[in-house]
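Chemist:
There are 4 protein chains.
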Amino acid sequence: MVVVMTPGATDVEIDAVITRVTDAGGEAFISRGDTRTIIGLVGDIDRFHGLNLRALAGVAEVVRISTPFKLVSRQHHATMSTVYVGASRVPIGPDTFTLIAGPCAVETAEQTLAAAEMAKGAGATLLRGGAFKPRSSPYAFQGLGEDGLRILSDVRAETGLPVVTEVVDVADVELVASYADMLQVGTRNAQNFSLLQAVGECGKPVMLKRGMSSTIEEWLMAAEYIAQRGNLEIVLCERGIRTFEKATRNTLDISAVPVAHDLSHLPIVVDPSHSGGRRDLVVPLSRAAIAIGADGIIVDVHPHPETALCDGPQALVDGDLRDLAHAVRVLPPLFDRAPALPESQV
Amino acid sequence: MVVVMTPGATDVEIDAVITRVTDAGGEAFISRGDTRTIIGLVGDIDRFHGLNLRALAGVAEVVRISTPFKLVSRQHHATMSTVYVGASRVPIGPDTFTLIAGPCAVETAEQTLAAAEMAKGAGATLLRGGAFKPRSSPYAFQGLGEDGLRILSDVRAETGLPVVTEVVDVADVELVASYADMLQVGTRNAQNFSLLQAVGECGKPVMLKRGMSSTIEEWLMAAEYIAQRGNLEIVLCERGIRTFEKATRNTLDISAVPVAHDLSHLPIVVDPSHSGGRRDLVVPLSRAAIAIGADGIIVDVHPHPETALCDGPQALVDGDLRDLAHAVRVLPPLFDRAPALPESQV
Amino acid sequence: MVVVMTPGATDVEIDAVITRVTDAGGEAFISRGDTRTIIGLVGDIDRFHGLNLRALAGVAEVVRISTPFKLVSRQHHATMSTVYVGASRVPIGPDTFTLIAGPCAVETAEQTLAAAEMAKGAGATLLRGGAFKPRSSPYAFQGLGEDGLRILSDVRAETGLPVVTEVVDVADVELVASYADMLQVGTRNAQNFSLLQAVGECGKPVMLKRGMSSTIEEWLMAAEYIAQRGNLEIVLCERGIRTFEKATRNTLDISAVPVAHDLSHLPIVVDPSHSGGRRDLVVPLSRAAIAIGADGIIVDVHPHPETALCDGPQALVDGDLRDLAHAVRVLPPLFDRAPALPESQV
Amino acid sequence: MVVVMTPGATDVEIDAVITRVTDAGGEAFISRGDTRTIIGLVGDIDRFHGLNLRALAGVAEVVRISTPFKLVSRQHHATMSTVYVGASRVPIGPDTFTLIAGPCAVETAEQTLAAAEMAKGAGATLLRGGAFKPRSSPYAFQGLGEDGLRILSDVRAETGLPVVTEVVDVADVELVASYADMLQVGTRNAQNFSLLQAVGECGKPVMLKRGMSSTIEEWLMAAEYIAQRGNLEIVLCERGIRTFEKATRNTLDISAVPVAHDLSHLPIVVDPSHSGGRRDLVVPLSRAAIAIGADGIIVDVHPHPETALCDGPQALVDGDLRDLAHAVRVLPPLFDRAPALPESQV
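Residue numbers (the numbering used here), protein chains in the order written: chain V, 1 to 346; chain A, 347 to 692; chain D, 693 to 1038; chain P, 1039 to 1384.
Laid out in structure tokens, this is it:
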């Protein structure tokens, strides 16, 4: 940590900083510049934060240098992690490329099964589908709830695909975890710390979507909340951030994949459906995601997107799905990744 | 609602849109342009949403025209609302200007009482203070929990100031409502719909902070979630949005005050402390908030900001607090507002 | 300047940094932390920049501490500046509040004179009006050019109001300066460095609009370009930045006024017309600008906004103009400012 | 174009809109909704813009439907264009993938030649290099000017690589065009309309960088300015947009490639060096650019990045350059593109 003093900071003010740091058991090194003095701190960073140095007279800035996250950081865990999902242990990690696909929302048993078959045909090894839907409007379709979970469970039995589904409420975590193989925390709950802590104790892997206005650092801090409760089975999901551009629903921050891989050992998947919000962008963005080194993608498919209750405009249909199937089969090997297969089938 | 077809849309595609709309009991009016056809829809907007017209072949865009919120909209409730807080019924609304002040976090009984006395001395009629703190880092101070609520309750007894405090978890809503006079939903929970629904049933007024990346429309939709559960005692709070500018923690969107007042009958307060994140901006931003027509402000005060466990750098101290006290006494009358007084003292 | 090394930086890498700094005549102070080493530099900052330390092996970050601007900085010029415009020397500075008003675009002599009379009636002491208009579309009205300048000059003769008008091309600077009393550099040219240098030599005061995506620091650096060519008669103009919010054309960054006043001695005016893009926001935003300490505002007025060739939707008409006139007369004195009067009439 | 009336619009107000439209030779179709009336317009869009309908009483919004650009639009030119650069006619277009590489700034003849040899060795067929550098600070290195152009010209003679270089001032367009094979307009000049018009008449191809806060539509409108002056030899360059994320200098908007390809027939290249501002991101972002269908990339290389006068931290060195060379040779054929070769060598 570095404390930057204001140009006019007095010796008394500088001494006050040093005293506070050394009283807390830290060491302080002073550099006196032509216009400013800076003070480097050595010792326990967390304790320094508690000192609230920024509030001292004469202090212009306190620059943090150490990474604020620990358990999810590569500094403390250099090897990339693989997360295994479901009884058949489908891997998400550095050696494979995983396609997660399914309907945005579970509507009926027929629709979910049809979508799952489409997904599986395209190479998906995990089924996504929403039973609890967070919607901007209280008047929009909110999902089938436990009925939806039951449908997902039945479709898993039928197809063999483990299930990823969103949880939006602390009170539902246990219920959702009893049906699902992986719990998803959505973008609107990316800093709902109670929910993060709850899924940190649920005993199932978690897919953590990036908040639409979260920095990569805040996203990793959110993952740290989950990890701190004992759950390191976390998959990060980049799903677009909010910018001024209006041609797409969100702006996919493709750079986030290598940036987060550099900072954290957790696997990262990309959501090309919700970031663009446009069907014609799903396959191009999926290709970009594979090429940049994502560990997987999660896409919307729907047997009849024109009647979908949620996000129909971005669900893949026949032609596009064939293109996607081709991409996830052909491209990953070029980047030293195998298409994901359950461990039981390897 | 207006459906805009793609330039090459066929008659069959156009007819498909019309059929779907009329089958749903709506009316459709066609305008054939030189390059495109547009179709105007008349009828029940909510039902049209369910039709998922955007997913039909040949449809380029569906433009919504009606306002998506109802209960909080001025279209359905032209008169501006006043929300009354606490047993003494402190008003927040169009005729008054309300100062809400207190420590960012409750740390000790002494600190909270001292801050409350400072607040009261400056003209505050409501006490803010956090017992449950949502923090980006799981390693940061998370608040005193129920102990903090008890301190706030004691300080209310001592000072007569009703208490505003944040709730971050559905499971705590009842507990917090049993101590507090007004519940606050923070920026990170602005689209935590479960929490919004829970405070919609808590029987106490709610202060709803704007999500740091919420549009004004999404913010009002979040309020609609609360209102839909029967609670219309909602105060909106503009607290800055996330932009590229780094000189301030967030960018206070001062225009949001007149824009939201135009769309909604709910009162709006401004948080000049968290938007700027800098003590020297609190008084200038407070003046701007009064001048633009905010119904109140909510500010951080702390007896010893240099030792504050949370957000010390922005807490007001002596000199600034005197300036603030002056501003909230002198300026509101120029804009036809009285300094807020409990109804019991009017 | 502080050099932050990567966690794994070797002694050889640390020495390489120190050697390069000391070879360049600087001094380096080392602080070895538990995970990282940081090096504080003392000496000529500009020379350090040339060293490109960030490109050295083992360097994680180079944090600049000194302000990058000099001539426009308060560090080198603590007293706030006043800029005087026109033969009658209308002041823009800390003691007054200046209303600049007129049509967005000069269309005809009649329209410009009528708008100028409206402006003057409302308390304006400077006339704005565009002869060269930068438009997003090449098919939109681009302004009358020199004919427009001649009209402005005639209207100045008639009304006594000095003229502020935009220049968009280096080749036109001399021409525009021969007619205008103050040159405006628009938001799209905020980092057109050739134009900034050209107006730095034009011998007339300059109003520099903030780039719609410029940080406050970049804006002041742009001003430094003008100052460096010998022209310190610069007025900054905050006109809104680009964000995700769609209810307003841009988001007025009202905090920029106190932030820039803290960093620079230059006066700052606010443009409430172009930031919001909505007539109903002009008066509220103007009140906020006065209250927060702006040195003036610049607004669009038009005798017949419904036929305006440019930005009609935001031009003030009768009722609003009366409200604005009232605000600029009554509010500034509360903040220790006089309504601006030409020096000749003081 | 669709005119949306306010909820309370009167028949008189509706009639006023219709009269204005029909007086201008257009047709108007009315749809009366439950809360609002909307009016569809058919006829000459440009003339409708001149009518300034938004300024009429009772008008809430005017929604444009036709694309605002023509010459660069795919609606008027369905086949994708190829731009050929230099005497050897190096193609940039749908059938090839073009690597443009070289030093950010020309510093010396030796450095430029060495960088060009590195570029050529990696597969580059065009040399980039800046002689005129737009820098945020007036105190930073501004480029060698005409001396730099002469060096680039000499290096072209030596290596056979046609030259792409930036022009920042209308007054220099002729000079730069006399040396360069392709002129670049930088992000800070993306809406410098005078410069756009000047390069529209320069007789050489133009690379147009996206403004860091330009929407894709505004970017294409900027291209339209060039095209309107008779120059359709335009290559678009996506180089990152400004967002709240701080881990990268800008956020590469990778979706802009398919979105712009859908709207315009112009080729698009990606700049992975300036978007990320980090060397370790250049190769991953380049791979993503190839995979998503970009027509080329433009990257910084420097023989000694640790002494580069400009942007050293992102210049590629040996190991990375080999990875890049591999990527541009192996990946494009998978997406039906050949590595670019001068037409003379095909």
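Cβ coordinates follow ideal geometry from the N, Cα and C atoms, glycine included.
Check whether the Cβ of Ala227 (chain V) lies closer than 8 Å to any Cβ atom in chain P.
Modeler: Counted from its first residue, the first sequence places residue 227 (chain V) at position 227. By this cut-off, Ala227 (chain V) is not an interface position.
Chemist: Determine the DSSP secondary structure at Val301 (chain V), reduced to helix, strand or coil.
Modeler: By one-based count along the first sequence, residue 301 (chain V) stands at place 301. It is a strand residue.
Chemist: Output yes or no for whether 8 Å exceeds the beta carbon distance between Val164 (chain V) and Asp181 (chain V).
Modeler: Here residue 164 (chain V) corresponds to residue number 164 of the first sequence, with the count starting at 1. Here residue 181 (chain V) corresponds to residue number 181 of the first sequence, with the count starting at 1. For Val164 (chain V) and Asp181 (chain V), yes; Cβs fall inside 8 Å.
Chemist: Under the assumption that Gly145 (chain V) contacts Ala131 (chain V) (Cβ atoms under 8 Å), give the Cβ distance between them as a whole number of angstroms.
Modeler: In the first sequence, the residue the question calls residue 145 (chain V) occupies position 145. In the first sequence, the residue the question calls residue 131 (chain V) occupies position 131. Indeed they touch by this definition, with Cβ atoms about 6 Å apart.
Chemist: Anyone know if the C-beta pair for Leu472 (chain A) and Val436 (chain A) falls short of 8 Å?
Modeler: To locate residue 472 (chain A), count along the second sequence from 1; it is residue 126. To locate residue 436 (chain A), count along the second sequence from 1; it is residue 90. Contact: yes.
Chemist: Arg1280 (chain P) CB to nearest chain A CB: under 8 Å?
Modeler: Translated into the one-based positions of the fourth sequence, residue 1280 (chain P) becomes position 242. Interface residue, yes.
Chemist: Quick check: is the beta carbon of Phe375 (chain A) nearer than 8 Å to any beta carbon in chain P?
Modeler: If you number the second sequence from 1, residue 375 (chain A) lands on position 29. Interface residue, yes.
Chemist: Is there a Cβ from chain A that is less than 8 Å from the Cβ of Ser947 (chain D)?
Modeler: As a first step, residue 947 (chain D) must be located in the third sequence, where it is residue number 255. Interface residue, yes.
Chemist: Between Val21 (chain V) and the rest of its own chain, which residues show a CB-CB distance below 6 Å, the 5 nearest in sequence each way excluded?
Modeler: Taking the first sequence and counting its residues from 1, the one referred to as residue 21 (chain V) is at position 21. Within the same chain, Val21 (chain V) has close Cβ partners Ala28 and Leu41.
Chemist: Check the DSSP bridge columns for Leu1354 (chain P) and list the partner residues they point to.
Modeler: Taking the fourth sequence and counting its residues from 1, the one referred to as residue 1354 (chain P) is at position 316. Answer by DSSP bridge pairing, in chain order: P:Val1339.
Chemist: Just to make sure I have the definition right: I need the residues of chain D whose C-beta is within less than 9 Å of the C-beta of Pro138 (chain V). Which are they?
Modeler: Working through the first sequence from its first residue, we reach residue 138 (chain V) at position 138. Those within 9 Å of Pro138 (chain V) in chain D number zero; the least Cβ separation is about 21 Å.
Chemist: Taking Val1237 (chain P) and Val862 (chain D) to be in contact with their CB atoms under 8 Å, please state how far apart those CB atoms are, rounded to whole angstroms.
Modeler: Looking up residue 1237 (chain P) in the fourth sequence gives position 199. Looking up residue 862 (chain D) in the third sequence gives position 170. Their Cβ separation, rounded to whole angstroms, is 15 Å, which puts Val1237 (chain P) and Val862 (chain D) out of contact at 8 Å.
Chemist: Would you say Asp169 (chain V) faces chain A, with C-beta separation under 8 Å as the test?
Modeler: As a working note, residue 169 (chain V) is residue 169 in the first sequence. Cβ-Cβ to chain A under 8 Å: yes for Asp169 (chain V).
Chemist: Just the C-alpha distance for Asp646 (chain A) and Gln488 (chain A), rounded to the nearest angstrom, thanks.
Modeler: For the purposes of this step, residue 646 (chain A) is identified with residue 300 of the second sequence, where counting begins at 1. For the purposes of this step, residue 488 (chain A) is identified with residue 142 of the second sequence, where counting begins at 1. Whole-angstrom Cα-Cα distance: 17 Å.
Chemist: On a Cα-Cα basis, can you pick out the residue from V:Gln314, V:Leu51 and V:His304 that is closest to Arg279 (chain V)?
Modeler: Here residue 279 (chain V) refers to the residue found at position 279 when the first sequence is read from its first residue. Of the candidates V:Gln314, V:Leu51 and V:His304, the one whose C-alpha sits nearest the C-alpha of Arg279 (chain V) is V:Gln314.
Chemist: Which residue from P:Ala1265, P:Ala1378, P:Glu1155 and P:His1342 puts its Cα closest to that of Asn744 (chain D)?
Modeler: Residue numbering aside, residue 744 (chain D) sits at position 52 when the third sequence is read from its first letter. Closest by alpha carbon: P:His1342.
Chemist: From the DSSP output, in three-state form, read off Tyr139 (chain V) for me.
Modeler: Indexing the first sequence from 1 puts residue 139 (chain V) at position 139. Looking at Tyr139 (chain V) - three-state DSSP - the assignment turns out to be coil, as it is neither helix nor strand.
Chemist: Roughly how many angstroms lie between the CA atoms of Ser965 (chain D) and Leu582 (chain A), to the nearest whole one?
Modeler: Here the question's residue 965 (chain D) lines up with position 273 in the third sequence. Here the question's residue 582 (chain A) lines up with position 236 in the second sequence. Each residue's Cα considered, the two are about 25 Å apart.
Chemist: Under the rule that 16 or more other beta-carbon atoms within 10 Å means buried, what is Lys1247 (chain P), buried or exposed?
Modeler: Residue numbering aside, residue 1247 (chain P) sits at position 209 when the fourth sequence is read from its first letter. With 16 or more Cβ atoms within 10 Å of its Cβ, Lys1247 (chain P) is classed as buried.
Chemist: Leaving aside the five residues before and after Gly86 (chain V) along the sequence, list all residues of the same chain whose C-beta is less than 6 Å from its C-beta, in chain order.
Modeler: Position 86 of the first sequence, counting from 1, holds the residue named residue 86 (chain V). Counting only Cβ-Cβ distances below 6 Å, and skipping sequence neighbours, we find Pro162 and Asp181.
Chemist: How long is the line joining the alpha carbons of Met207 (chain V) and Ile216 (chain V), rounded to whole angstroms?
Modeler: Position 207 of the first sequence, counting from 1, holds the residue named residue 207 (chain V). Position 216 of the first sequence, counting from 1, holds the residue named residue 216 (chain V). Answer to the nearest angstrom: the Cα atoms are 15 Å apart.
Chemist: Closer than 8 Å by beta-carbon distance: list the chain V residues that pair up with Asp1318 (chain P), in chain order.
Modeler: Within the fourth sequence, numbered from 1, the residue matching residue 1318 (chain P) stands at position 280. By Cβ distance, chain V contributes Pro258 and Asp262.
Chemist: Where does the unbroken alpha helix (DSSP H) through Arg337 (chain V) begin, and where does it stop?
Modeler: Taking the first sequence and counting its residues from 1, one reaches residue 337 (chain V) at position 337. First-last for Arg337 (chain V): undefined, no H or E at that position.
Chemist: Below 7 Å on C-beta distance, what does Glu809 (chain D) contact in chain A?
Modeler: Taking the third sequence and counting its residues from 1, one reaches residue 809 (chain D) at position 117. Correct list: empty, because the minimum Cβ distance to chain A is about 28 Å.
Chemist: Are the stretch 1320-1337 of chain P and the stretch 1353-1371 of chain P in contact at 8 Å, needing three or more beta carbon pairs?
Modeler: Enough Cβ pairs lie closer than 8 Å, so yes.
Chemist: Alpha carbon to alpha carbon, what distance is there between Cys1348 (chain P) and Ala1147 (chain P)?
Modeler: Within the fourth sequence, residue 1147 (chain P) is the residue found at index 109, counting from 1. Within the fourth sequence, residue 1348 (chain P) is the residue found at index 310, counting from 1. About 16 Å.
Chemist: What does the alpha-carbon distance come out to for the pair Leu266 (chain V) and Tyr225 (chain V)?
Modeler: Taking the first sequence and counting its residues from 1, the one referred to as residue 266 (chain V) is at position 266. Taking the first sequence and counting its residues from 1, the one referred to as residue 225 (chain V) is at position 225. Each residue's alpha carbon lies about 14 Å from the other.
Chemist: Using a C-beta to C-beta distance shorter than 8 Å, which residues of chain P count as neighbours of Ser213 (chain V)?
Modeler: Locating residue 213 (chain V) in the first sequence gives position 213, where the first residue counts as 1. What Ser213 (chain V) touches in chain P: Phe1282.
Chemist: Taking the beta strand (DSSP E) that Gln889 (chain D) belongs to, which residues open and close that run?
Modeler: Here residue 889 (chain D) corresponds to residue number 197 of the third sequence, with the count starting at 1. No beta strand (DSSP E) holds Gln889 (chain D); the alpha helix (DSSP H) holding it covers Phe885 to Val891.
Chemist: Is there a Cβ from chain V that is less than 8 Å from the Cβ of Asn538 (chain A)?
Modeler: Position 192 of the second sequence, counting from 1, holds the residue named residue 538 (chain A). Chain V contact via Cβ: present.
Chemist: Any beta carbon of chain C sitting closer than 8 Å to that of Leu1359 (chain P)?
Modeler: Absence of chain C from the displayed structure is noted, the protein chains being V, A, D and P.
Chemist: Beta-carbon of Glu107 (chain V) versus every beta-carbon of chain A: anything under 8 Å?
Modeler: Position 107 of the first sequence holds residue 107 (chain V). Glu107 (chain V) does not count as touching chain A.
Chemist: Sort out for me which residues DSSP pairs Asp599 (chain A) with in a bridge.
Modeler: The residue you call residue 599 (chain A) lines up with position 253 of the second sequence. Answer by DSSP bridge pairing, in chain order: D:Asp945.
Chemist: Compile a chain-ordered list of the residues in the stretch 1172-1204 of chain P whose CB is closer than 9 Å to at least one CB of chain D.
Modeler: Listed in sequence order: Pro1172, Arg1173, Ser1174, Ser1175, Pro1176, Tyr1177, Ala1178, Phe1179 and Gln1180.
Chemist: Per DSSP, what kind of secondary structure is Pro353 (chain A) in: helix, strand or coil?
Modeler: Within the second sequence, the letter at position 7 stands for residue 353 (chain A). In this structure, Pro353 (chain A) counts as coil in the three-state DSSP scheme.
Chemist: Thr458 (chain A) lies in the alpha helix (DSSP H); which residues open and close that run?
Modeler: Translated into the one-based positions of the second sequence, residue 458 (chain A) becomes position 112. Per DSSP, Thr458 (chain A) belongs to the alpha helix (DSSP H) from Ala455 to Gly467.
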